[in-house]
């Protein structure tokens, strides 16, 4: 059975019809999980197919949220079609997903969810996944670019927005912020956020987060005290 299969989609914004590539994730082997929860698979990366892009109007969303646009949100997205098309100029989303198309899909997704009025952590999540895609391609410089974009929106969510941060919870989000700072070379800020995560009362309900936060905090303390 093929890992990739095609599904006919109808765009909820422009009503255009197109074929979307889907991946049978149960046919993939998990080979590694990074400290920031990015999971590597073999032989294909699900990240390539995580964002559905309408090739006509360039509306782009996470597969599970693609059809969730109506009312005032639909009006807002339609008003942003010009910007989406400008961002995707030169890219043909009717073609097989390449690294370049997959990366552009996350950029389009980040812009789309802004038009939809999503919280900053959702926008940041698009850029974080773009960074993961670059990590898989061993493009360290480009990964750093998208990590900085993710950090910008994650910081905004953490400092200014009332959100529950999904399955991560507040302690998990604090840990994630610390991990991004560490990967960007700011060890002091990373340590501060790891410590906040460890001190957070809810971390007892997040054993994986607690283990990672304590491990990363310990490793960073050792690094910082080494001459």
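Residue numbers (this note's numbering): 438 to 664. Positions of the beta carbon are idealized from the N, C-alpha and C atoms, including for glycine.
If we call anything under 8 Å between Cβ atoms a contact, is residue i one with residue j?
{"i": "residue 646", "j": "residue 656", "result": "no"}
{"i": "residue 525", "j": "residue 541", "result": "yes"}
{"i": "residue 594", "j": "residue 565", "result": "no"}
{"i": "residue 605", "j": "residue 596", "result": "no"}
{"i": "residue 556", "j": "residue 592", "result": "no"}
{"i": "residue 639", "j": "residue 663", "result": "no"}
With 16 other CB atoms within 10 Å as the buried threshold, where does residue i fall?
{"i": "residue 529", "result": "exposed"}
{"i": "residue 479", "result": "exposed"}
{"i": "residue 517", "result": "buried"}
{"i": "residue 546", "result": "buried"}
{"i": "residue 447", "result": "exposed"}
{"i": "residue 609", "result": "buried"}
{"i": "residue 568", "result": "buried"}
{"i": "residue 620", "result": "buried"}
Reducing DSSP to helix, strand and coil, say where residue i ends up.
{"i": "residue 602", "result": "coil"}
{"i": "residue 531", "result": "coil"}
{"i": "residue 647", "result": "helix"}
{"i": "residue 663", "result": "coil"}
{"i": "residue 474", "result": "coil"}
Out of the options, which one is the CA nearest neighbour of residue i?
{"i": "residue 659", "options": "638, 639 and 625", "result": "625"}
{"i": "residue 683", "options": "471, 557, 465 and 451", "result": "Only positions 438 to 664 of the chain appear in this structure, which leaves residue 683 out of reach."}
{"i": "residue 490", "options": "579, 445, 661 and 649", "result": "445"}
{"i": "residue 629", "options": "615, 584, 485 and 488", "result": "615"}
{"i": "residue 520", "options": "483, 507, 549 and 481", "result": "549"}
Provide the residue span of the alpha helix (DSSP H) that contains residue i, from first to last.
{"i": "residue 507", "result": "Unbroken run through residue 507: none, as it is neither H nor E."}
{"i": "residue 673", "result": "No answer is possible for residue 673: the residues shown for the chain start at 438 and end at 664."}
{"i": "residue 548", "result": "536-552"}
{"i": "residue 630", "result": "624-636"}
Quick check on the DSSP output: the beta strand (DSSP E) that includes residue i runs from which residue to which?
{"i": "residue 593", "result": "Element bounds for residue 593: not the beta strand (DSSP E) but the alpha helix (DSSP H), 577-597."}
{"i": "residue 499", "result": "497-499"}
{"i": "residue 443", "result": "441-447"}
{"i": "residue 460", "result": "454-460"}
{"i": "residue 488", "result": "488-490"}
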